[in-house]
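Asker: If you scroll down you'll find the structure; I have some questions about it.
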Amino acid sequence: MSHPPSLAWRRLSTQHLEQWVELLHAAYAGNLAMGMNFTAATMPLQQGAQFLADRLVWGGFAQTQLVATFTLRHDGEGWHLNLLAVRPDESRKGYGKLALLEAERHALDAGAAELLLDTADQHPWLLEFYRSRGYVEYGCVQKPGKTYRSVLFRKPL
Ligand SMILES: CC(C)(COP(=O)(O)OP(=O)(O)OC[C@H]1O[C@@H](n2cnc3c(N)ncnc32)[C@H](O)[C@@H]1OP(=O)(O)O)[C@@H](O)C(=O)NCCC(=O)NCCS
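Numbering (this note's numbering), first residue to last: 9 to 165.
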């Protein structure tokens, strides 16, 4: 579908904790099955609550159903996009691209000049997905405890 139905984007808070973590687990299960232990795949509720407190967590809703999410956080390096996810039963409808655009818009509003993200070097299609959305690789790191190397991307906004 070239024009997915729009989502209503809202900041998530602790009232959404279980729904959010459930979405993350479901979306990232495929990565885990392929051997990539992304944090989101097994995030305990307690860590989810900490993330909701520490960063800007956004959710895209269709009526009451949480369909897509991403987080934004700022540190000494700049603004990071993390935990991008779409419900598996709503995948390939364009919501992932919409979520990226939404994240870029909010980062820009927050004063970001560029957006940073990373993904697994061995993923079959995510590297190409980000390249096709204007993200450029600038490095590769091994994060502690991860079964994959993380390819670092940035995009000027
Ligand atoms: C990444 C993710 C958010 C994409 O969401 P989505 O709603 O399916 O994405 P879109 O429908 O906007 O598709 C974007 C493009 O990604 C690529 N893509 C998405 N799913 C794909 C798949 N299963 N196989 C190959 N390419 C795929 C395609 O190029 C697609 O464009 P197309 O449908 O026009 O060919 C979703 O797959 C997801 O939640 N994955 C698990 C969590 C994850 O890995 N997040 C990123 C961590 S860095």
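Cβ atoms here follow ideal geometry from the backbone N, Cα and C, with glycine treated the same way.
Between which two residues does the beta strand (DSSP E) containing V117 stretch?
Answerer: Per the sequence shown, residue 117 should be read as Asp rather than Val. Careful: D117 lies outside any beta strand (DSSP E), inside the alpha helix (DSSP H) at 103-117.
Asker: Helix or strand or just coil, what does DSSP make of G147?
Answerer: G147 falls in the strand class under three-state DSSP.
Asker: Can you look up S158 in the DSSP assignment and give me helix, strand or coil?
Answerer: Strand.
Asker: Using a threshold of 9 Å, state whether the C-beta atoms of T47 and L91 are closer than that.
Answerer: For T47 and L91, yes; Cβs fall inside 9 Å.
Asker: Indicate the three-state DSSP secondary structure (helix, strand or coil) for T72 in the structure shown.
Answerer: If DSSP states are grouped into helix, strand and coil, T72 belongs with coil.
Asker: Have a look at E112, L108, D117 and flag the residue whose alpha-carbon is nearest the alpha-carbon of L134.
Answerer: The option with the nearest alpha carbon to L134 is L108.
Asker: Could you spell out the range, first to last residue, of the beta strand (DSSP E) harbouring W17?
Answerer: Looking at the DSSP string, the run of the beta strand (DSSP E) that includes W17 is 16-19.
Asker: When you compare only the Cα positions, how much space is there between G147 and G102?
Answerer: Computed Cα separation, rounded: 28 Å.
Asker: Between which two residues does the beta strand (DSSP E) harbouring D126 extend?
Answerer: 122-128 is the span of the beta strand (DSSP E), which, as asked, contains D126.
Asker: Measuring alpha carbon to alpha carbon, tell me which residue in W87, T72, G153 is nearest D117.
Answerer: Of W87, T72, G153, the residue nearest in Cα terms is W87.
Asker: Note down, in chain order, each residue of its chain lying with its Cβ closer than 7 Å to the Cβ of R95, except the 5 sequence neighbours on either side.
Answerer: Around R95: L31, A34, A35, V75.
Asker: Taking the runs of the beta strand (DSSP E) that are 3 residues or longer, which of them lie wholly in the segment 72-98?
Answerer: Counting whole runs of 3 or more residues, the segment 72-98 contains the beta strand (DSSP E) stretches 73-83, 86-94.
Asker: If you follow the alpha helix (DSSP H) that H24 is part of, which residue opens it and which one closes it?
Answerer: Where H24 is concerned, there is no enclosing alpha helix (DSSP H), given that its DSSP letter is neither H nor E.
Asker: In whole angstroms, what separates the C-alpha of S158 from that of Y138?
Answerer: The alpha-carbon atoms of S158 and Y138 are separated by roughly 13 Å.
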